[in-house]
Amino acid sequence: MKSTKNPSLELRLRILSAIDYAPGNSIQARIKNVSQRTFKDEQTECIYQFTWRTISTWLYRFKKRGITTLDNKTRSDKNSYRKVQVNELAEAINEIIPGLSKNKVGTIPKITLYRQLMKKNYFQRSQLSQTSFYRMVRENDLLNFDQIKKLRQSFCMQFANELWQADTMYGPSIKQPNGKWRKTFLIAFIDDASRVITHGEFFYNESLPHEVLWVQYRKYD
């Protein structure tokens, strides 16, 4: 049975560490892989599973303000309704639509879209009811791909250097002096607002020690 208690700081750090070793060609893919797993808190023996959006939020806070932002604190809006923002819904719809099939008239039924969003844990029903979902889609034209793109952009950081993300891609295999071939990995820093690649470098290991990436980051800090 999955726990509803707040996870400990140690568990949150374990989950963020799991992102580094999860399979996937991008940070988003690795986060989603981690979101499909369950984690056991060794102190309480409670079992947890978190949505990819929750894990993404932890990662953003950790990168921007450090470890203290992951500690459990009493929320100022505790017991109040937490609305889903339009740009969050647009981001989720954009990611889930490619995996859905259209009906006979060439459209994706909104009920199908809503059920998939719930099934894949993009949102909870307590956050986004079916009625609210229909209303937000209708009022914001969220099945219009041009509108989705515009709203997704508002989900990014507003200014350059507010947030950098590290991402990894597979590179070419290089023949070694001993005749064996060795895989390479391209690790790059991407500015969230401008989408500028601030640094990119090939390595033989995709799970580099954090100190190596930190050295590269300090060059541009």
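In this text, residue positions in the sequence shown follow my numbering: the first is 36, and each later residue adds one. Built from N, CA and C at the ideal position, the CB exists for glycine as well.
In the structure shown, the three-state DSSP call for Thr142 is coil.
Apart from the 5 residues on each side of it in sequence, Lys145 sits with its Cβ closer than 7 Å to the Cβ of Tyr169 and Val172 in its chain, given in chain order. Sorting Tyr205, Ala195, Thr219 and Phe220 by C-alpha distance to the C-alpha of Arg230 places Ala195 at the top. Taking 8 Å as the cut-off, the Cβ atoms of Asn68 and Met204 do not count as close. No residue range can be given for Asp227, since it is assigned to no beta strand (DSSP E) and is classified by DSSP as neither H nor E. Taking all protein chains in view, the Cβ of Leu163 is crowded by 16 or more other Cβ atoms within 10 Å, so the residue is classified as buried. In the displayed model, Gly134 falls within a helix according to three-state DSSP. Remark: C-beta atoms of Ile62 and Ala228 do not approach each other more closely than 8 Å. Taking the CA atoms as reference points, Cys81 sits about 34 Å from Leu135. DSSP lists Asp226 as the beta-bridge partner residues of Trp199.
Collapsing the DSSP output to three states places Glu236 in a strand.
With fewer than 16 other Cβ atoms from the protein chains shown falling within 10 Å of its own Cβ, Trp216 counts as exposed. Close CB contacts of Gln211 within its chain, under the 6 Å cut and outside five residues either way in sequence, are with Arg217 (chain order). Considering only Ala53, Pro133 and Lys75, the residue with the shortest C-alpha distance to Ser91 is Ala53.
In this structure, Thr89 is the residue among Ser43, Ile222, Thr89 and Gly235 with its C-alpha nearest to the C-alpha of Gln71.
In this model, Leu177 and Thr233 are separated by some 32 Å (Cα to Cα). DSSP places Glu45 inside the alpha helix (DSSP H), whose first and last residues are Leu44 to Tyr56. The beta-bridge partner set that DSSP reports for Trp216 consists of Lys210.
Counting the other Cβ atoms within 10 Å of the Cβ of Leu44 gives fewer than 16, which makes it exposed.
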